[in-house]
Structure formats: structure tokens, C-alpha cells
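Contents: one structure, followed by commentary.
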Amino acid sequence: MTYPTTSPVVEEPETMAASPSNPVKLLFADRADFRSLHQGESASFGVIGGLYAVAILSLGAVWSTRELSLSAALPIYALAFVAIGWTQYSLGNGMHEAVHHNLLNRRSDWLASVLTAYPIGLTMSYRSFHLAHHQFLGTDKDPELDVYTTFPGSKPQLILRFVWFASGIPAGLQFLSQQASGKSPRSYAEPLTFLAVQAVIAAAFTFVFGNPLYYVAFWILPIATVGKLLSSTRLMCEHGSPDRPWVVRTISGPRWQTWVLGAFDFNYHGEHHLFPSIPYASLRQLHERHKAYALAHPEYRPFEGRLEFFDGGYLGLLAKWMRELPWRAAR
């Protein structure tokens, strides 16, 4: 049984009879009930502000080492590098809200792009890439299919996967691929704004640190290495499986842990794929309703029975795979 990946708000009548072919009708009493979860978009701006605060504090820590020896400064550099990469990756999760028009950007993407996309080297051309993932999930037309269906066959392969995505090479290849395959902009406004934002960031680094190499070392490289490692790992956790071609997995666990890889409640991924029009602020409430229904109705099998719930957090799932994978891949 295949369920829709978009939420048919407009088409739904005021009262909705339960139907096995429509998860909206299964989980919500009527359209008003469904629309009640389409609120809280402004909460994302508080999270975005907090992420920029973490990045600024991390850069402040780097700046404070100017009187230290290199050996003393290196641990601070490393921690700041990882923290900045995480904030950039998490801003990408904020951009994901904008991709689905859940960042108060139904009329214009300009503000959402300036806050979440342009600073981390992306544009809203990513929307067509990501929506193809939703529309063609699990098929050859999904642009991310290889990332989550190529599952490691052994412990060393899992470790090498982490090393590969942390190298920065996949990020560079993805950037070039998306630029080559993206649609031509209808005007020069977006690429010019993108370049202007990057120029401002580079100028700020040069002004504060007196050297533009800090812009490369603490802004370009973190997103290409730490950011790509986190995003690829999250995608594998959401859709990868050691014994099935692919799944759609919702991951619950300690709040601090789910936000390391799932900022903006990305961990409620099954719910997001079923209802992508619902903003992050309502996903936890939706998850509780959805999981209760799924547990009470064993016949409920969205995504052709590929929906999974895992309660041990992202790190718990990775640890489980590391324990279960053999040291040598089966031939």
C-alpha cells in the first residue's frame, strides 16, 4: 500500500471518513484538526538565532587563541571546527523547513535563503533536488538513492563510509553536480545575493582575524567535512537498513541526542514524509498521534510496510549496527 508524500489540505472535505489509502483521513477527524498542526513556523527563527550564537561563540574561542602557541590552540581549533560544522549542518535542516515552505516563506524565499541557505553555500535550487527525494523515494529517480541504499556490509566498511564523507570530497562533488543540474535562475538576483552573502562573511573573517584563510578553514571546510558527514549519516539512519533495500525510519531518544543529527525534529522522519507540509514545531505532537495509531492498528503499513520506529536515538542505532555488522563482508 503506497501513501502520498504530500498533504492534500485543499482537496480534503470538512469531514473525512477513514480510508486505508489516505493517512490524513486515518489520523485526523477533519480538515480543521489537520490544519491545527500547521502552526509554529516562527519557532524556527529562535532555533536559527541559537545556531548562529553557537557559531559566533565558537569563532570567538578561535579568536581568543591569538596569544597562545599552536600546540595550545589546536584543541580549541578542533572543537570550534566541529561546533561550526554542526551549526552549519543544522542551518541546512532549517533550510529544509524553507524548502517545504515552512519558514514563513510561502510568498518569497529571500529571507529564508539569506538566513539558512546562502551562508552555507546552498541556494533554493536545492528544492527541486529534495522534492525529487520525496516524490521518488526508493526508486532510481531519487537523487539520494545511492547514499542510503548502499549499506555497509561490515564494520570496516561502516567506518570507511564515515571517513569518506568526512573527507570533503563528496560535498565538493555534490555541489558541482547540483550546480550543473540545477535550473537556470529566472533572474540574476539569487546568484548575486548568494555571492554577496558569501562576500560579507569572507570580509568579516578577514576583518576580525586579519587573514582570509580563516574563512576557508573555519567556514568552508567545516560544512564540507563535518556537515557532510552529519547529513549523510542522518540520511543513512533515516532510510538505510542492513537487511532491506530501504526503509522510512522515525528515531526517538534523548532530546540532546536527536538534536545532534536531527535539529528541527528531523528525527520524526516517517511523519515528515507522510505530512511534509507540517512545520517542525508540530512534528513531535504529530509523531505521538501517529505512533499511537500505528501501534493500535497492525494492519497500518505505510510505504509498503517499510515504516520503522526506533527508540534508541541516532547514536544508539549506529552502535547497534556497529555491534551487528561482521568484521568481514559476506561474499
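So for the sequence shown, our numbering puts the first residue at -7; every next one is plus one.
Virtual Cβ for every residue (Gly too), placed ideally from N, Cα, C.
Check your understanding: Since I48 contacts P111 with CB under 8 Å, what's their CB separation in whole angstroms?
Key -> With a Cβ gap of about 12 Å, I48 and P111 do not count as contacting.
**Study point:** Three-state class that DSSP yields for E280 in the structure shown
**Key:** Reduced to three states, the DSSP call for E280 is helix.
Review point. Do you know offhand how far S233's Cα is from V39's?
Key: One alpha carbon belongs to S233, the other to V39, and they sit about 31 Å apart.
**Study point:** Segments assigned alpha helix (DSSP H), at least 4 residues, entirely inside the stretch 84 to 145
**Key:** Within the stretch 84 to 145, the complete alpha helix (DSSP H) segments of 4 residues or longer fall at 118 to 127, 137 to 141, listed in chain order.
Review point. Below 8 Å, can you find three or more Cβ-Cβ pairs linking the stretch 137 to 152 to the stretch 223 to 237?
Key: With the cut-off at 8 Å, the stretch 137 to 152 and the stretch 223 to 237 touch.
Check your understanding: Using the C-alpha atoms, what's the distance from L123 back to A35?
Key -> Rounded to the nearest angstrom, the two C-alpha atoms are 23 Å apart.
Check your understanding: Out of L18, W78, A188, S63, which has the shortest C-alpha to C-alpha gap to S224?
Key -> For the residues L18, W78, A188, S63, the minimum Cα distance to S224 belongs to W78.
Check your understanding: Ends of the alpha helix (DSSP H) at E296?
Key -> Unbroken alpha helix (DSSP H) run through E296: 294 to 297.
Review point. CA-CA distance, K133 and R119?
Key: Roughly 15 Å between the two C-alpha positions.
Check your understanding: Which residues in the same chain have their Cβ closer than 6 Å to the Cβ of G262, if we skip the five residues on either side of it in sequence?
Key -> By the criterion of a C-beta distance shorter than 6 Å, G262 is surrounded in its chain by V240, T242, L299, once the five residues flanking it on both sides are discounted.
Check your understanding: For E33 versus P271, is the C-beta distance shorter than 8 Å?
Key -> Pairing E33 with P271 gives a Cβ-Cβ distance under 8 Å.
Exercise for review: For the beta strand (DSSP E) holding R241, just list the boundary residues, first then last.
Suggested key: Where R241 is concerned, the enclosing beta strand (DSSP E) stretches over 240 to 243.
**Study point:** Residue from A196, F197, Q31, A216 whose Cα sits closest to the Cα of Y81
**Key:** Among A196, F197, Q31, A216, the Cα nearest to that of Y81 belongs to A216.
**Study point:** Assumed close pair F186, T115 - CB separation to whole angstroms, cut-off 8 Å
**Key:** With 8 Å as the limit, F186 and T115 qualify as a contact, their Cβ atoms being about 6 Å apart.
Point to revise | Selected residue, minimal CA-CA separation from G42, among L71, K17, G86 | key: Closest by alpha carbon: G86.
Practice item. Measure the alpha-carbon distance for H289 versus L165 and round it to whole angstroms. Key: Note on geometry: alpha-carbon atoms of H289 and L165 lie some 44 Å from one another.
Point to revise | Among Q31, K147, F26, nearest to R315 - alpha-carbon criterion | key: The residue among Q31, K147, F26 with its C-alpha nearest the C-alpha of R315 is K147.
Review point. How long is the line joining the alpha carbons of V218 and E182, rounded to whole angstroms?
Key: Straight through space, the alpha carbons of E182 and V218 are spaced by roughly 26 Å.
Review point. Quick one: Cα of W55 to Cα of W211, how far?
Key: About 14 Å.
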